[in-house]
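Participant: Following our numbering, the numbering of the sequence shown begins with -4 at its first residue and continues without gaps. Note that CB positions come from ideal geometry on N, CA and C, so glycine has one too.
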Amino acid sequence: MKIAIIADTHFGYSRFEEDAFVQAEYALRDAERKADAIIVAGDIFDVKIPRLETLKRAADIFSRVRGPVYVVHGNHERRGRDMTNPVQLLSMLSNIKYMHSATEVIEGPSGKVSLTFMGSVPEELAKNALGKLMEQERGKLPADAFKILVMHQSVSELVYGNEEELSFDDLKALPFDLIVDGHIHKHHVEMGGKLIIPGSTVITQLRNDEQGERGYVLYDTNARKGEFIPVPSRLFFYNEMKFENAALAEVKERIEAWIAEMRAKHRDAILKIKLTGTLKEGLCASDLSLSYHDGIYVQNGLNVESIGEKIKRMREQREEKLSMREIAVRQLRDKLKGRITLFDPLELFEKLAESPEAGAKYLNIEQ
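#1: Please classify S281 as buried or exposed, where buried requires at least 16 neighbouring CB atoms within 10 angstroms.
#2: Helix or strand or just coil, what does DSSP make of Y21?
#3: Pull up the DSSP beta-bridge partners for P193, would you.
#4: DSSP three-state call for E239: helix, strand or coil?
#5: Helix, strand or coil for E208? Go by DSSP, reduced to three states.
#6: Report the option in M113, F112, H147 whose CA atom is closest to the CA atom of H71.
#7: So, for K142: in the same chain, excluding its five sequence neighbours on each side, which residues have a beta-carbon less than 6 angstroms away from its beta-carbon?
#8: For I302, count neighbouring Cβ atoms within 10 angstroms of its own Cβ and tell me buried if that reaches 16, exposed if not.
#9: The beta strand (DSSP E) that contains I44, what's its start and end?
#10: Taking DSSP as the reference, what is the three-state secondary structure of Q326?
#11: Determine the contact status of R52 and F11, defining contact as a CB-CB distance below 9 angstroms.
#12: Let me know the secondary structure DSSP gives F344 once reduced to three states.
#13: In the DSSP assignment, what residue or residues form a beta bridge with K107?
#14: Using the Cα positions of H180 and Y65, report the straight-line distance between them to the nearest angstrom.
#15: Quick one: what does DSSP say L173 is sitting in, helix, strand or coil?
#16: So, helix, strand or coil for F6, using DSSP?
#17: Grab the span of the beta strand (DSSP E) containing Y357 for me, first residue to last.
#18: Hey, is the region 202 to 215 in contact with the region 231 to 246, meaning 3+ C-beta pairs nearer than 8 angstroms?
#19: Compute the beta-carbon to beta-carbon distance between A121 and L161, rounded to the nearest angstrom, for a pair I have assumed lies under 8 angstroms.
#20: Does DSSP classify K92 as helix, strand or coil?
#21: Indicate the three-state DSSP secondary structure (helix, strand or coil) for K269 in the structure shown.
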């Protein structure tokens, strides 16, 4: 059986909104011609509550896709337990099947495949959630089926992680022939082919590791092998320019030369320039006036390489995939750890974000 694996379409992402729709639709339409089933491993949407226009366009795209499409929610879509997330709503408006903490068995002429799904959970809860999922679903896995786990989590060996996150060792111990993971935007094949990350269909973070083709994976369960299928997309080039005791004119000249070179070769490419190092004494980064558009982005990091700032940058790299909401929830959990067990900090946070009254009701506090 052939399974198409797509992830992280990020519909509604404002910086490259049209790219996100066009590239995801191409992947889905191409996949329906080649695959027996399609999996979308989370972050269909870029935000928890997308605009109605974004939701409608997503519904239109998925409604045109024939065949079974199974989806999980990602961290960008995750909401409280009793709250509807946008992927659930999308499943009511189109022909996709929203799955979480469940197993589905599909059969075809070439064999049987079981699909077990775990939508995104906070990273510090992932190991526990996966353990509970196995207790619940292990008995539902047919012995004669090719077994696939679909999730949307960090893997510590592939991101700036810590011991709370899932690791290769955690995943190797699971009773699956293939593990499909979203969330990580770069395409990976790990653990001897047992772990496949298709990568995002659109760039979002303008980082060095987002260079390369966007696409999806077409996996053959009989051959036990996946093929990366590129989708037409604008190329992305990243250039870190290092300077030492540089004059402003030198910096500008080097930037302009690289932009001209790249534009001559790739007119529509997205360009990211990261400036590091130092300027001449007496100059500061704000003295450098830079104004670019049409897919050109400059990150000015000149004169910011003190030890304290390096530590701050490492922390930002660690948390750059976390939304402010997730960071707040993590801090709330840390402060309440071992002190209060009568409520879930994530659910309380969601209720308080909704309204003070909803938070009070959740805590059974009379107004």
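Facilitator: Result, derived from the coordinates:
#1: exposed
#2: helix
#3: Paired residues: none, contrary to the question.
#4: strand
#5: coil
#6: H147
#7: S109, L136, F171, D172
#8: Unreliable positioning characterises I302 in this predicted model, as indicated by a pLDDT of 48, which lies under 50. A coordinate reading is not provided.
#9: Segment: none, I44 is in no beta strand (DSSP E) and carries neither H nor E.
#10: helix
#11: no
#12: helix
#13: E102
#14: 19 angstroms
#15: strand
#16: strand
#17: Counting along the chain, Y357 falls outside any beta strand (DSSP E), though it belongs to the alpha helix (DSSP H) covering 351 to 357.
#18: yes
#19: 5 angstroms
#20: strand
#21: strand
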